[in-house]
Amino acid sequence: MLVLNGGGALGAYQYGVYRTLVNRLDERARRDMVVVGASIGAVNGYLLAAHHAAPDAGLEALASFWREVAQPALPFVPFFDARSQRLSATLTGLTFGNPPVFSAVPGGFLTALGLYPATAGYDNRRLVETVARHAQHYTAEKAGPRLMIRAIDIEAAEPVWFDSQERPIVPSMIGASSAIPLLFTPGRHEGRAYWDGDVWHRGLLLPALERLSSPTSEQRWHAITVELFKRAPGMPQGLGEGLDHFRRLFLGARSDDEAREAAERYPKLRLTRIRRDPHPGESASLWLTDWAPDRLAYLIGQGEADAERALASVLP
1 MLVLNGGGAL GAYQYGVYRT LVNRLDERAR RDMVVVGASI GAVNGYLLAA
51 HHAAPDAGLE ALASFWREVA QPALPFVPFF DARSQRLSAT LTGLTFGNPP
101 VFSAVPGGFL TALGLYPATA GYDNRRLVET VARHAQHYTA EKAGPRLMIR
151 AIDIEAAEPV WFDSQERPIV PSMIGASSAI PLLFTPGRHE GRAYWDGDVW
201 HRGLLLPALE RLSSPTSEQR WHAITVELFK RAPGMPQGLG EGLDHFRRLF
251 LGARSDDEAR EAAERYPKLR LTRIRRDPHP GESASLWLTD WAPDRLAYLI
301 GQGEADAERA LASVLP
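Reminder that position 285 of the sequence shown reads as 285 in the UniProt record's numbering, one-by-one numbering, no gaps.
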């Protein structure tokens, strides 16, 4: 089982992890894999599942997507240190959006908030269009990974699963799983409105295990979780560092608690956690709007290297 959470442009790290997995898993293991995703994890999971039968197991499809969404930064801050570069890239995305991923609503973010949900600061319909260009649909009727995508049904106030074992997965489901509350207009699929599937008090690992098996099941799962936010001690200085520290503290703690509970409830579970450390200048970067090519390249390489270290002893 491969578990891919949300994190905007940080999803490039997940692509790097998958590059290592392709080298370490044989064709049968990749075909029998269960891929669980939400938000950018839903995007990566959808593309790798839809192209799993390609000779390269979908690597070029993912590479093509990440090349398309890379957005050069404008020089808002005229300095060349890591923090200034990240701030310029963040301001570029905040001001102009990122055309293949999301568009800014006319009138600005604060104006749009006053009209929510009729509108919001950003709209992710561009993401649905981009994903559709790379894969029209995915069905697991033939041999292939089982793909499970989570989204939050706004009206029902509960999570739902789009499961390839039950129905074809289409790009509108990916958009539904990627609409961050308040920042984005709700995602739409078959007439219903959805929010980002990773904006929930529970992560993806335990709900997926509950859907797939019971604690007394004889089936042995090896779950690989790709965690984009790692909790770390330290005293932040300033608003940027404070927001970054809070985000990693909250989401990192959720991952830590979930891993602990999964080990207790599923004693036969084998869990490999691939956990990302912050990149240079990250406290000045916003995961949603910094899609600069240099940052994406760093994240891809970081994910590949971290996966090599984490999997060396478990997938020799």
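C-beta: ideal position from N, C-alpha, C; glycine also.
Predicted model only: the values in this text are computed from it and were never measured.
Quiz item: Looking only at its own chain, which residues have a Cβ that is under 6 Å from the Cβ of M226, when we skip the five neighbours before and after it?
Solution: The sequence shown places Val at residue 226, not Met. Excluding positions up to five away in sequence, the list reads L4, Q14, V17 and I274.
Exercise. Answer with buried or exposed for T95, where buried requires no fewer than 16 other C-beta atoms within 10 angstroms of its C-beta.
Key: exposed
Self-check item: Distance, M235 Cα to P145 Cα
Solution: 42 Å
Quiz item: Can you tell me the Cα-Cα spacing of V22 and R30, whole angstroms?
Solution: 8 Å
Practice problem: Verify the CB distance criterion: does R188 have a CB-CB separation below 8 Å to chain C? | Solution: Chain labels in this structure do not include chain C; a single protein chain is all it has.
Quiz item: Rounded C-beta distance between D48 and F65? I'm assuming under 8 Å.
Solution: At residue 48 the sequence reads Leu, which differs from the Asp that was named. Not a contact, Cβ separation roughly 10 Å.
Self-check item: CB-CB length for I149 against W195, believed under 8 Å
Solution: Wrong, their Cβ atoms sit about 13 Å apart, outside the cutoff.
Practice problem: Pull up the distance between the alpha-carbon of P280 and that of L74, whole angstroms please. | Solution: 19 Å
Quiz prompt | Collapsed DSSP secondary structure at T185 in the structure displayed | solution = coil
Exercise. Reducing DSSP to helix, strand and coil, say where D257 ends up.
Key: helix
Quiz item: So, using beta-carbon positions, are H132 and P171 closer together than 8 Å?
Solution: The sequence given here has Ala at residue 132, not His. It is a contact, given that the beta carbons lie within the stated cut-off.
Quiz item: If we call anything under 8 Å between Cβ atoms a contact, is F76 one with N124?
Solution: no
Self-check item: Ranges of the beta strand (DSSP E) found wholly within the stretch 121–164, counting only runs of at least 3
Solution: 146–153 and 158–163
Exercise. Give the straight-line distance between the Cα atoms of R192 and I180, rounded to the nearest whole angstrom.
Key: 16 Å
Quiz item: Relative to the alpha-carbon of H52, which residue among Y122, A253, G7 and A135 has its alpha-carbon at the smallest distance?
Solution: A135
Quiz item: In whole angstroms, what is the alpha-carbon distance linking L25 and L311?
Solution: 10 Å
Quiz item: What distance in whole Å lies between the Cβ atoms of L87 and I224, which are believed to be in contact at a cut-off of 8 Å?
Solution: The pair is not a contact, with the Cβ atoms about 33 Å apart (cut-off 8 Å).
Quiz item: Is it right to say V314 is buried, meaning 16 or more other beta carbons lie within 10 angstroms of its own, or is it exposed?
Solution: exposed
Quiz item: Any idea if E27 is buried or exposed, counting beta-carbon neighbours within 10 angstroms, 16 or more meaning buried?
Solution: exposed
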